[in-house]
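**Student:**
Residue numbers (UniProt numbering): 1 to 197.
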């Protein structure tokens, strides 16, 4: 049985999601905005498959299946530095890429290359990087060092869990407090899954 406080937080989360999604659709000119449909049928999490070695070892050299928490209105209060996020490719918005959030608005960016001038990220901007340290920046690693700062509105969701293969899976390292909460949630989920068989 779920505690009433947990149920209340879940309902509040779903309501916030549905109102934000409906408002976003309304701003984009969608005439048939249905808050209740989004509340009952909208998905807070979804599965995303990724490939490539940019996020190894976090996700694995061949990619993996990810459980992603959808973020309708991402800002610096909903995502934090260190989170692994799914975002629209800045050069092709039809594609999604997975990267780690390295800096948000107000952070000063200083390069190791003395030719690059330091700069401060503007409002609604973030800096994302690939986890794979074996890849050369600007040549192999496709991240903000290649395409520059990214708008926070490009962020689609936060990665919670990664399934690399049948025996190699687990929570993705994000903010400490969220890691603790999600770790407990996934442990309970796995125990219930095992008990139901």
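Built from N, CA and C at the ideal position, the CB exists for glycine as well. Bear in mind the structure is a predicted one, so any value in this text is a computation, not a measurement.
1) Keeping to the same chain, check which residues put their C-beta closer than 7 Å to that of residue 174; ignore five residues upstream and five downstream.
2) Please look up how many angstroms separate the CB atoms of residue 154 and residue 90, rounded, as I've assumed it's under 8 Å.
3) What number of angstroms, rounded off, separates the C-alpha of residue 101 from the C-alpha of residue 40?
4) According to DSSP, is residue 108 helix, strand or coil?
5) Report yes if the C-beta distance between residue 87 and residue 103 is below 8 Å; otherwise report no.
6) Would you say residue 72 and residue 21 are within 8 Å of each other, going by their C-beta atoms?
7) So what does DSSP say about residue 11, is it helix, strand or coil?
8) Quick one: using the 10 Å Cβ neighbour count with 16 as the cut-off for buried, is residue 13 buried or exposed?
9) If you run the structure through DSSP and keep just helix, strand and coil, what is residue 4?
10) Tell me the DSSP secondary structure of residue 88 in three-state form.
11) Tell me where the alpha helix (DSSP H) around residue 35 begins and ends.
12) Check the DSSP bridge columns for residue 171 and list the partner residues they point to.
13) My assumption, with CB atoms under 8 Å, is that residue 127 sits in contact with residue 152. Please give the rounded CB distance.
14) Residue 59: buried (16+ other C-beta within 10 angstroms of its C-beta) or exposed?
15) Contact defined as beta carbons within less than 8 Å: I believe residue 10 pairs with residue 42. What is the distance between those atoms, to the nearest angstrom?
16) Decide yes or no for the touch test of the segment 132-147 against the segment 23-32: beta carbon pairs closer than 8 Å, at least 3 of them.
17) If I'm right that residue 54 touches residue 130 with Cβ under 8 Å, what's the distance once you round it to whole angstroms?
18) Roughly how far, in whole angstroms, is the beta-carbon of residue 45 from the beta-carbon of residue 66, given that I think they are within contact range, below 8 Å?
**Tutor:** With the given structure in hand:
1) Residue mapping note: residue 174 aligns to position 174 of the chain shown, counting from 1. Same-chain partners within the cutoff: 82, 83, 84, 158.
2) The residue given as residue 154 occupies position 154 in the chain shown. The residue given as residue 90 occupies position 90 in the chain shown. The Cβ separation is near 6 Å, so the contact holds.
3) Sequence index remark: in the chain shown, residue 101 carries index 101 (1-based). Sequence index remark: in the chain shown, residue 40 carries index 40 (1-based). Cα to Cα, residue 101 sits roughly 31 Å from residue 40.
4) On the chain shown, position 108 is the one that residue 108 refers to. Three-state result, residue 108: strand.
5) Translated into the one-based positions of the chain shown, residue 87 becomes position 87. Translated into the one-based positions of the chain shown, residue 103 becomes position 103. No, these two residues do not count as a Cβ contact at 8 Å.
6) Within the chain shown, the letter at position 72 stands for residue 72. Within the chain shown, the letter at position 21 stands for residue 21. In contact: residue 72 and residue 21 (Cβ atoms closer than 8 Å).
7) As a working note, residue 11 is residue 11 in the chain shown. Under the three-state reduction of DSSP output, residue 11 falls in the helix class.
8) Here residue 13 is taken as the residue at index 13 of the chain shown, counted from 1. So residue 13 ends up on the exposed side.
9) Against the chain shown, residue 4 aligns to sequence position 4. Looking at residue 4 - three-state DSSP - the assignment turns out to be helix.
10) Taking the first residue of the chain shown as 1, we reach residue 88 at position 88. The answer is strand: DSSP assigns residue 88 an E or B state.
11) The residue given as residue 35 occupies position 35 in the chain shown. Its alpha helix (DSSP H) spans residues 35-41.
12) The residue you call residue 171 lines up with position 171 of the chain shown. Bridge pairing for residue 171: 161 [DSSP].
13) Locating residue 127 in the chain shown gives position 127, counting from the first residue. Locating residue 152 in the chain shown gives position 152, counting from the first residue. Their Cβ separation, rounded to whole angstroms, is 11 Å, which puts residue 127 and residue 152 out of contact at 8 Å.
14) Translated into the one-based positions of the chain shown, residue 59 becomes position 59. Classification of residue 59: buried, given that the 10 Å Cβ count is 16 or more.
15) As a position in the chain shown, residue 10 is number 10, starting the count at 1. As a position in the chain shown, residue 42 is number 42, starting the count at 1. Between residue 42 and residue 10 the Cβ distance is about 13 Å, and since that is not below 8 Å, they are no contact.
16) By the Cβ criterion, the segment 132-147 is not in contact with the segment 23-32, since fewer than three pairs of Cβ atoms, one from each stretch, lie closer than 8 Å.
17) Against the chain shown, residue 54 aligns to sequence position 54. Against the chain shown, residue 130 aligns to sequence position 130. Sure, about 4 Å apart at Cβ, within 8 Å.
18) Sequence index remark: in the chain shown, residue 45 carries index 45 (1-based). Sequence index remark: in the chain shown, residue 66 carries index 66 (1-based). That pair is no contact at about 10 Å.
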